[in-house]
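Undergrad: Each position in the sequence shown, counted from 1, maps to that position plus 224 in this note's numbering. Just so it is clear, CB atoms sit at the ideal spot from N, CA and C, and this is done for glycine as well.
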Amino acid sequence: MSANSLPEDTASWHSLEVNKALNLLDTNADSGLTTENVQERLQKYGDNELKESNGRSSWEILLDQFKNIMLLMLIAVALISGFLDFMAWQAGELKPGEVPFKDTIAIMAIVILNGILGYVQETRAEQALAALKKMTSPLVRVLRNSKLMEIAAKELVPGDVILLEAGMQIAADGRLIEQSNLQVRESALTGEAEAVSKQANLILPEETSLGDRLNLVFQGTEVVQGRAKVLVTNTGMQTELGKIATMLQSVENEPTPLQQRMTQLGNVLVTGSLVLVAIVVVGGIIQARGFGNFRELLEVSLSMAVAVVPEGLPAVITVTLALGTQRMVRHNALIRKLPAVETLGSVTTICSDKTGTLTQNKMVVQSVCANNHVFRVTGEGYNPIGDFLLDSQTIDVEDYPEISALLLASAVCNDAVLQKEKGEWAILGDPTEGALVTVAGKAGIEKDQWNSKLPRIAEFPFDSERKRMSVICQVEEVATGEASLRAVDPVIASFIQSQPYLMFTKGSPELTLARCTQIHLGNNFVPFTDEQRAQILAENDRMASLGLRVLGLAYKPMLEIPEEGSHEISEVNLIWLGLIGMLDAPRPEVKAAVEESRNAGIRPIMITGDHQLTARAIAIDLGIAQEGDRVLTGQELQQMSDQDLDQQVDLVSIYARVSPEHKLRIVQGLQRRGRCVAMTGDGVNDAPALKQADIGIAMGITGTDVSKEASDMVLLDDNFTTIVAATKEGRVVYTNIRRFIKYILGSNVGEVLTIAAAPLLGLGGVPLTPLQILWMNLVTDGLPALALAVEPPEADVMKRPPFSPHESIFARGLGSYIIRIGIIFAIISIILMLWAYNHCKIPVEGLDPERWKTMVFTSLCVAQMGHAIAIRSNNKLTIEMNPFSNMFVLGAVVVTTILQLMLIYVEPLRAFFGTHWLPPTELAICFGFSALMFVWIELEKLFFRFTGRRTV
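#1: Got a sec? Which residues, its chain only, sit under 7 Å from I541 by beta carbon, not counting five neighbours each side?
#2: Between which residues of its own chain and L1177 is the CB-CB distance below 6 Å, once the five residues before and five after are set aside?
#3: Name, in chain order, the residues that DSSP records as bridge partners for R827.
#4: Taking a contact to mean a Cβ-Cβ separation below 9 Å, would you say D918 touches V571 in this structure?
#5: For A664 versus S634, is the C-beta distance shorter than 9 Å?
#6: Is it right to say H238 is buried, meaning 16 or more other beta carbons lie within 10 angstroms of its own, or is it exposed?
#7: Excluding the five sequence neighbours on either side, which residues of its own chain have a C-beta within less than 8 Å of the C-beta of I826, listed in chain order?
#8: Rounded to the nearest angstrom, what separates T945 and S931 at their Cα positions?
#9: Looking at the strands, I want to know which residues DSSP matches up with T857.
#10: Classify V1068: buried if its beta carbon has 16 or more other beta carbons within 10 angstroms, exposed otherwise.
#11: Consult DSSP for V364 and reduce its assignment to one of helix, strand or coil.
#12: With distances taken Cα to Cα, identify the nearest neighbour of R822 among S769, A849, V882 and A1011.
#13: Just mark L875 as buried or exposed, buried being the case when its beta carbon has 16 or more other beta carbons within 10 Å.
#14: Pull up the CB-CB distance for Q742 and I651, whole angstroms please, since I reckon it's below 8 Å.
#15: Starting from the C-beta of Y967, find all residues in its chain whose C-beta is less than 8 Å away, skip the five residues before and the five after it, and write them out in chain order.
#16: Mind the definition here: the stretch 1142-1158 touches the stretch 1077-1086 only if three or more C-beta pairs lie below 8 Å; say whether that holds.
#17: In whole angstroms, what separates the C-alpha of A758 from that of S591?
#18: May I ask you to list the residues that DSSP assigns as paired with E1226?
#19: What separation, rounded to the nearest whole angstrom, lies between the Cα atoms of A711 and Q863?
#20: Quick one, are the C-beta atoms of M767 and I696 less than 9 Å apart?
#21: Check M1105 in the structure and name its three-state DSSP category.
#22: Rounded to a whole number of angstroms, what is the C-alpha to C-alpha distance between F1170 and S1040?
#23: Pick helix, strand or coil for L807, following the three-state DSSP scheme.
#24: What would DSSP say about E464, mapped onto helix, strand or coil?
#25: Please classify N585: does DSSP put it in a helix, a strand, or coil?
#26: Would the beta-carbon of M923 fall within 9 Å of that of D936?
#27: Does the structure place the stretch 606-614 close enough to the stretch 1060-1078 that three or more beta carbon pairs sit under 8 Å?
#28: With a cut-off of 8 Å, do at least 3 Cβ pairs link the stretch 476-492 to the stretch 434-446?
#29: Quick one: measure Cβ to Cβ for S628 and M727, integer angstroms, because I've assumed they're closer than 8 Å.
#30: Below 6 Å CB to CB, which residues in the same chain sit around L775 once its five sequence neighbours on both sides are set aside?
#31: Is it buried or exposed for L709, if we count other Cβ within 10 angstroms and need 16 for buried?
#32: I think S205 touches G974, with their Cβ atoms under 8 Å apart; what is that distance to the nearest whole Å?
#33: Kindly confirm or deny that the stretch 287-297 and the stretch 487-495 touch, where touching means at least three C-beta pairs closer than 8 Å.
#34: For H886, count the other beta carbons within 10 Å of its own beta carbon; 16 or more makes it buried, fewer makes it exposed. Which is it?
#35: Compute the Euclidean distance between the alpha carbons of A841 and G771, then round it to the nearest angstrom.
#36: Considering only C-alpha positions, which residue in the set M1105, T1120, T1102 and A395 is nearest to L274?
Laid out in structure tokens, this is it:
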């Protein structure tokens, strides 16, 4: 069969014999492809590289920033204002020294700055695909035209035959043709921590999971040891890595809750503004009975349009989020995307890995079972000091030779190294093997010492199909009567007289036990009975139900070194030694964090690849689940439809034996139920789930570059407690954002109503120019708003349920507050405006009658200072609060007030902003009216307190 007739979906290469695979791809294992074959296949399959889908260009992203409805309205205002200034300039109507087009320039500067701000945020483009590309090998050794050559990896095609050796990164997916002691590290792709031993001669069932396809190798993984000849089966986007890239690019970036709320806010403000402008223009025309005052009405409309848009809000929100990220870094949470800070405050569900996140990722042996006795082991971490207890009594290990034999096997059948660094014991290697070395050390059995006495000369590495590993040690050099060996185990020593080799085996208790025919009891070994097997399996289940990871150990004397790959015939007739149960102990602080998250209405979910009994025990211990709760396994999840999964996701808090690819389905199921999901992950194939989640959280210590680039947040300490701390910070940020939105928009509504009232009351001219309104929105609104952004958290921030991520920005009374305070603001300002207008008509030498506008301008600005002080708390009176708990508010009020006074009393600023000098009495009147705003808000708090209402 030619390559051109190859099926498009050849996902079952692992179920084919090598010759069948070679025939399908029309190639030869010894000579490879010809140059002509390669050119044809390059035309058909393309280069062996990951391809990006067509995204937006930088120019498109920049232009999209100016599609914001508020910016569009400001652009229209700037153009109309520029046209009016041009007409006035042409007609010679500009006052001496007046700068033309200053309103237009100021407005367009704000528009451009806001556009650039949005562009910078959005062009922090996803680098997940770039990180995936880094995992592909640049060069590869390939057979072509019967010659071995080195080519660029992107030139590989299906049907090529490549050669692998230790240290190489695999450049494409392939079927093994032949191999020698090949081990491949696939943890980034499959989540398996240990290197996988590959075997070319296997033929596996089609339904075999990715991690168990031992006759295949995959792009982006690394050869740890051995060598192999491989038939390339898939390249580019058809590889497993390519499929992940496709998934990554298919996951759309949904707007965050904050972005959705800001869009809604813009729509409401612009719509409301246009309606109000129409009312003012129509009312003014009717009042004047014609279009004689149309230009004045147009100027009023422009000022209203500028007033309604909170120009400083995007900058204030950006700074607030940035400050939130700095505070989170101090809690070991690195935020990669600013809007994620606020989204954290809406999280309703945290899906967390178990190992390292909920637990310490330090396996510690808790229990040893040998000769029908269960011994408890004390001690912490990797410190090889502890006691062995039987029935709560400390025992001497030397009195129980079966324990010595079991622990000797634990130390010898082991690749980890125990070492002391900076005064602390640490493990170099797998944590599980580290626990075994440590427990052996507690019995005085040092791995280094026994490595020299029982040197390893061969091994059968661990693989996920056998679920065990064996090492063959040479014992003929050890003297028969050597005291140290006999002290450890006289039974093993007795074998040395006739058997020069010993094989030690450890692995899955069930599978290892099935290979045993005898059991080690005291100083003897006897044939197994069915009752003994049943007792061992029952004890295995009991240990697992306590959350322990359980290993079974055995040994076997041998006359000769077994051949490589002969494990099936060598790992038989073993002598059972016992069980060792170890615990990846929960982090001590996590239980309190889980309780805090539950009190906050956040549901924690455990997702792990561990055994369901282990997962259940840890989850119950931490408070994530309760007795009787269902555990959903990956196999059950695989068989569920999306509809069935949707019905289960709100009921299941533990997912066990789950592969990383299942995480995406879990996230999507929760999101379909309206949940705001935070998901943790560290592997390459966690990346789609991290990108899909509302908050993707990558592990900073164990995470891959791909997972980090696909995430919104990186845990610098891989700790669940950090997630909870980050959600608290997110709530504080969101609360403060709502606080300064109330502050800014309440003021803006007051400004708009005051400006709109002027022509309707028959007052001559516009009380505020667009430039003065920009000053108010950017400075007198902006500085106090920034100060409010760092308001400390309220005491109950983590004692209430999360606010819905789908709630309106105006929810929970914020909309009514803005309108209510805006109206009060306007009433106070309009009363002042009427008094000032009539007062300033009285001629006073040296004073401009137009100064009533400056009085209105000043009163509006200073009133906002009182508003900023009062709004620090929704329920507490200002006098009840510590004035120094947020020094930034006091500082902002003082600085802003001084700046406002400079606009009145510093000549260049007065000329530029079009203000007038005010005598002290009139300034005092402005301050007096402004203080009424503060008094009103404080009286509101008392009213709500006495009526039992609580404002939010």
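TA: To lay it out plainly:
#1: Excluding sequence neighbours, I541 sits near I961.
#2: Residue coverage of the chain in this structure runs from 225 to 1176, which leaves residue 1177 outside it and unanswerable.
#3: According to DSSP, R827 bridges with T573.
#4: A contact, by the Cβ cut-off of 9 Å.
#5: Taking 9 Å as the Cβ cut-off, A664 and S634 qualify as a contacting pair.
#6: Buried, since its Cβ has 16 or more Cβ neighbours within 10 Å.
#7: For I826, where only same-chain residues beyond five positions count, the Cβ hits under 8 Å are V571, T572, T573, I574, V948, T951 and P1026.
#8: Cα to Cα, T945 sits roughly 20 Å from S931.
#9: Answer is A880, bridged to T857.
#10: V1068 should be labelled exposed.
#11: In the three-state reduction of the DSSP assignment, V364 falls in the strand class.
#12: R822 has its Cα closest to that of A849, out of S769, A849, V882 and A1011.
#13: L875 counts as exposed, since fewer than 16 other C-beta atoms from the protein chains shown sit within 10 angstroms of its C-beta.
#14: Cβ-Cβ separation between Q742 and I651: approximately 32 Å, too far for a contact (criterion under 8 Å).
#15: Answer for Y967: D1005, P1008, A1009, L1012, Q1088, H1091, A1092 and I1095, listed in chain order.
#16: In short, these stretches touch, since the Cβ pair count reaches three.
#17: Looking at the two C-alpha atoms, the distance is approximately 19 Å.
#18: Look at the range of the chain in this structure, 225 to 1176, and you will see that residue 1226 is not part of it.
#19: Its pLDDT being 44, under 50, A711 is placed unreliably by the model, and nothing is read from it.
#20: Contact: no.
#21: Looking at M1105 - three-state DSSP - the assignment turns out to be coil, as it is neither helix nor strand.
#22: C-alpha of F1170 to C-alpha of S1040: approximately 19 Å in a straight line.
#23: Three-state result, L807: strand.
#24: Residue state for E464 is assigned as helix, using DSSP reduced to three classes.
#25: When secondary structure is reduced to three states using DSSP, N585 falls in the strand class.
#26: Not in contact: M923 and D936 (Cβ atoms no closer than 9 Å).
#27: No: fewer than three Cβ pairs fall under 8 Å.
#28: Judged by Cβ distances under 8 Å, the stretch 476-492 makes no contact with the stretch 434-446, as fewer than three pairs qualify.
#29: Going by Cβ atoms, the distance from S628 to M727 rounds to 18 Å, so no, they are not a contact pair.
#30: Closer than 6 Å at Cβ, skipping near neighbours: K730 and I804.
#31: In this predicted model, L709 has a pLDDT of only 46, less than 50, meaning its place in the structure is not dependable; the value taken from the coordinates is given anyway. Per the 10 Å Cβ criterion, buried.
#32: There is no way to answer for residue 205, as the model of the chain reaches only from 225 to 1176.
#33: Between the stretch 287-297 and the stretch 487-495 there are three or more C-beta pairs closer than 8 Å, enough to call the two in contact.
#34: Counting the other CB atoms within 10 Å of its CB gives H886 a total of 16 or more, which places it among the buried residues.
#35: The straight-line gap from Cα to Cα measures roughly 5 Å.
#36: Closest in C-alpha terms to L274, from the list M1105, T1120, T1102 and A395, comes A395.
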